[in-house]
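The opening position of the sequence shown corresponds to residue 14 in the working numbering, with each subsequent residue numbered one higher.
Ideal Cβ positions, reconstructed from N, Cα and C, are used throughout, including at glycine.
Right, one structure below, let's go through it.
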Amino acid sequence: MKKSRAITAYILSVVFIFILWIVLARLVNASLILPGPAAVFKAMGALLKKPDFFRAFGWTFGRVVFSFVLSVLIGTLLGVLCGLSSFARLFFELPLAIIRATPVVAFILIALFWFKSGTVPVFVSVLMTLPIMTTAVFNGFYKTDEKLLGMAQTFNFTKRQIFRYIQLPSLIPFFMNGMVSSFGLTWKVIAAGEVLSLPKNAAGTMLQRAQVHLETPTVIAITIILVTVSFIIERLFMLLVTNFLKKRGSR
């Protein structure tokens, strides 16, 4: 029942968006500002026939995966370090707060002076998602059941045993949720980084060139493809995480 209601809600949402899109496009009556669905899907069909588009999209996807894995590894290490050491937590608190508060565009523009165009999106993506993973893992330590820790002290558990049997299981759900949040942000940051740094092969570069040539239908078509692929992969990832946590909880 819940699944059917969710599917119905999604379908109605898509229909509403399309109706609103058509109405606004007719009111504006200017393809340069807001093209209708027909023009956009025509541009999308033309894109899907070009090998260059799939090559560019493949490079973008590769940057997303690489930066995501790197962010998870570094963020997990920092999170564990902050969870085990109060000094490390205080040491990294200010740098992580600065990263959270700084606009992503500022990091992209600064990184353009330091790295090659293809490296800029990866660097900025890792930097922006690092606080999410670090905080998620640290929260796993912070919210560990105090009663279990008290029991561990009563039975003279070593620090290694406390980490393995109590703290590690506690932080896994936070770790998984942190990965989901990081993955969603990674797509956005990679796309923004490519638009500004203009690597040779990148969906963001194609987006920027289409905008410069005033090809609004192509801009919207590329955006729709990026959003759709990101949405599908993120939902599948969330489904895997949810199933993993359910199986773990049923043990």
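F128 carries a coil assignment under DSSP once its states are collapsed to helix, strand and coil.
In terms of Cβ geometry, A149 and G92 form a close pair [threshold 8 Å]. The Cβ-Cβ distance between P144 and R113 falls below 8 Å.
It is roughly 30 Å from the alpha-carbon of L249 to the alpha-carbon of T229.
DSSP, read as helix, strand or coil, puts E207 in helix.
In the three-state scheme derived from DSSP, where H, G and I count as helix and E and B as strand, G191 is classed as helix. By the beta-carbon neighbour count (other beta carbons within 10 angstroms, threshold 16), R76 is buried. Here the region 49-68 makes no contact with the region 205-213; the two share fewer than three CB pairs at distances below 8 Å. In this structure the region 230-237 touches the region 46-65; the number of beta carbon pairs closer than 8 Å is three or more.
About 10 Å separates the beta carbons of V202 and V118, which is beyond the 8 Å limit, so they are not a contact pair.
Between V139 and L83, the beta carbon gap of about 5 Å places them in contact (Cβ cut-off 8 Å). Counting only runs that start and end inside the region 83-136, the alpha helix (DSSP H) elements of at least 4 residues fall at 99-114 and 117-124. Across the set M219, F104 and I32, the C-alpha of M219 shows the shortest separation from the C-alpha of L60. With fewer than 16 other Cβ atoms inside 10 Å of its own Cβ, N256 counts as exposed.
DSSP places A59 within a helical segment (H, G or I) once states are collapsed to three. In summary, R102 is buried, with 16 or more beta-carbon neighbours lying within 10 Å of its beta-carbon over all protein chains present. Around the beta carbon of T21, a 10 Å sphere encloses fewer than 16 other beta carbons of the protein chains shown; the residue is thus reported as exposed. Selection F74, R18, G49 and L25 evaluated against V36 yields G49 as nearest (Cα-Cα).
When the beta-carbon positions are compared, A223 and A204 stay at least 8 Å from each other. Note that the C-beta distance between C95 and T147 is below 8 Å.
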